[in-house]
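Just so we're aligned: the sequence shown equals residues 1 to 419 in full-length UniProt numbering. This report concerns only the one structure given below.
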Amino acid sequence: MSDQTQDGELFLCSSIQGQPVEGKGMGLICIDPNGIEDGTELLREVPFESWGSNYNPATIAAKLIFKSRSDKTGSTQRKLSHLFPTQLSQIPFETQEKVPESTTAAIESLVFKWETLNQLNDPHMQQSALPPLTRETCLRHYFAVECNSFPTGLLLTLSLANHSCVPNCTVFQITNPTTKLTHYNLWSTRAISHGEECTISYMDLVKEVHTAAERNQYLQSKFGFSCTCPRCRTLAVSTGAKLDHLSVQGGEVSKNRVVDEMGDVFGVEGEDLACSAFIRKRSENSCTRNLANEIDLRCKGPLRKETRVCETCQTQFTLPELEEALLLGNDAVNKVKIAVAEGWKFISNFEASGGSMEGISGLEEHKMRLQKLKEESLCILHETHFVFQVMGTLTDKLGSLVRRERWNERRRKAVKEKE
1 MSDQTQDGEL
11 FLCSSIQGQP
21 VEGKGMGLIC
31 IDPNGIEDGT
41 ELLREVPFES
51 WGSNYNPATI
61 AAKLIFKSRS
71 DKTGSTQRKL
81 SHLFPTQLSQ
91 IPFETQEKVP
101 ESTTAAIESL
111 VFKWETLNQL
121 NDPHMQQSAL
131 PPLTRETCLR
141 HYFAVECNSF
151 PTGLLLTLSL
161 ANHSCVPNCT
171 VFQITNPTTK
181 LTHYNLWSTR
191 AISHGEECTI
201 SYMDLVKEVH
211 TAAERNQYLQ
221 SKFGFSCTCP
231 RCRTLAVSTG
241 AKLDHLSVQG
251 GEVSKNRVVD
261 EMGDVFGVEG
271 EDLACSAFIR
281 KRSENSCTRN
291 LANEIDLRCK
301 GPLRKETRVC
311 ETCQTQFTLP
321 ELEEALLLGN
331 DAVNKVKIAV
341 AEGWKFISNF
351 EASGGSMEGI
361 SGLEEHKMRL
371 QKLKEESLCI
381 LHETHFVFQV
391 MGTLTDKLGS
401 LVRRERWNER
411 RRKAVKEKE
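Next comes the structure, spelled out in structure tokens:
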């Protein structure tokens, strides 16, 4: 971690390097034999192209094309050459078809306008020498913008980071209050071994609770690929439902409908409830309760919806018990969603205010709250439930932000001591 390069607009830790990744094009790979520690700043980059709230991919694509065609050295084209898609064929044809002719026509019109103005300002510029602009070129740059953009800019190096639903890195957007310059930081959220890929989430997993199907539907429509990360490989991509979307309300529910909708919920591994959520105290008149029942009450095994039998303790449950458990699961997921939304809002407010020691304490409190909520939820939701991945993502982000701010505080103190 000692050798680091810094080039005005880019800081790149020497422990990572852009390398080809099978099935993904390029990626950021850990090349340090000792690996990367948790909470390490890996990259700090200023956008190649920036925008505010007026994001328009067609306009940005036109700018990239204009810069490439106007740069006689070829430097701009080389900088952009690695951006996905490097070939338009990498984008599904049905996705290409969704871009209207008016969009590519607008790109061509802007490029022609700027090149004409450029020629008027520079008599030596020969526009006729430039190759004609094709729809294919316009589309490739359009998708390059769509697939590689961050909230306020296009980043050439950070765009190498590929997506995972269980990322080992997180990205922070920071604006200097004095210069108003925005840069993006890439930090590790856990230890990364030599040869391992550094990944981020292209979705905001801390804002919404997503099933595998919902994640892949978004990724396919936005970026043209389906995720094959470890989390998605263990989940059935073709199905999935949010618990809070079920028609179980106020305990008034059709038993047949519950069974049908439970088929959607429990049909996806990673959305099971814990066995203990289904256990209900037997009738007060029952004399059959024994030590085995007490053990069952603490069982956290997953229940198989086809048989209503816990896979771990083999306890059989009734349909009314399943109905009640469904309500419990719904309530547990909603509690997680509220806590996650509040945690994200606190992070946004913290970064907008420039941070403070009081704010760091608040971040730590939110992290502890999530950890406590996880312990409570494990009594209802099976440990493989997808909400725990969402909570883990936010917990990692809170922890990384705390470590970053404490590191910045130590750096500020060191500077003051030198003065």
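Glycine included, every Cβ here is placed at the ideal spot set by N, Cα and C.
Could you give the residue range of the alpha helix (DSSP H) that holds residue i?
i	result
residue 141	135–148
residue 77	75–80
residue 399	387–418
residue 202	Segment: none, residue 202 is in no alpha helix (DSSP H) and carries neither H nor E.
residue 158	Where residue 158 is concerned, there is no enclosing alpha helix (DSSP H), given that its DSSP letter is neither H nor E.
residue 329	319–352
residue 191	No alpha helix (DSSP H) holds residue 191; DSSP gives it neither H nor E.
residue 213	212–223
Output needed for residue i: all residues of its chain with C-beta closer than 8 Å, excluding positions within five of it in sequence on either side, in chain order.
i	result
residue 51	60, 152 and 153
residue 249	Reliability fails at residue 249, whose pLDDT of 29 lies under 50, so the model's placement of it is uncertain and no value is given.
residue 383	274 and 300
residue 24	162
residue 10	43, 44, 45, 46 and 157
residue 57	142, 145, 146 and 149
Can you tell me where the beta strand (DSSP E) holding residue i begins and where it ends?
i	result
residue 175	169–175
residue 21	16–21
residue 11	10–13
residue 186	182–188
So the candidates are the options; which of them puts its Cα closest to the Cα of residue i?
i	options	result
residue 78	84, 92, 387 and 68	68
residue 108	362, 81, 42 and 63	63
residue 198	222, 160 and 224	160
residue 333	381, 353 and 165	381
residue 35	116, 308, 330 and 194	194
residue 312	45, 303, 320 and 170	303
residue 26	76, 47, 82 and 16	82
residue 135	87, 169 and 396	87
residue 17	95, 72, 146 and 196	196
residue 41	48, 30 and 47	30
residue 203	222, 187, 192 and 191	222
residue 338	390, 317, 360 and 361	390
residue 180	354, 104, 132 and 106	354
residue 48	218, 97 and 155	155
residue 228	164, 191 and 178	164
residue 232	213, 308, 21 and 97	213
Looking only at its own chain, which residues have a Cβ that is under 7 Å from the Cβ of residue i, when we skip the five neighbours before and after it?
i	result
residue 291	Here residue 291 scores only 33 on pLDDT, less than 50, and its place in the model is too uncertain to base an answer on.
residue 66	111, 114 and 115
residue 254	In this predicted model, residue 254 has a pLDDT of only 33, less than 50, meaning its place in the structure is not dependable; the value taken from the coordinates is given anyway. Within the same chain, residue 254 has no close Cβ partners at all.
Among the residues of its own chain, which have a CB less than 6 Å from the CB of residue i, if the five just before and after it don't count?
i	result
residue 259	The predicted position of residue 259 is uncertain, since its pLDDT is 30 and thus under 50; no value can be drawn from it.
residue 175	182
residue 406	none
residue 172	185
residue 410	none
residue 120	none
residue 167	199, 200 and 201
residue 404	none
Thinking residue i and residue j are a contact (beta carbons under 8 Å), I'd like their distance in whole angstroms, please.
i	j	result
residue 226	residue 216	5 Å
residue 374	residue 388	6 Å
residue 100	residue 91	Going by Cβ atoms, the distance from residue 100 to residue 91 rounds to 15 Å, so no, they are not a contact pair.
residue 12	residue 157	7 Å
residue 402	residue 363	5 Å
residue 367	residue 398	4 Å
residue 395	residue 370	5 Å
residue 336	residue 377	6 Å
residue 15	residue 170	That pair is no contact at about 16 Å.
residue 118	residue 75	In fact, because the Cβ distance is near 17 Å, the residues do not count as touching under 8 Å.
Inside the region 25–107 only - alpha helix (DSSP H) runs reaching at least 4 residues: Within the region 25–107, the complete alpha helix (DSSP H) segments of 4 residues or longer fall at 57–70, 75–80 and 93–97, listed in chain order.
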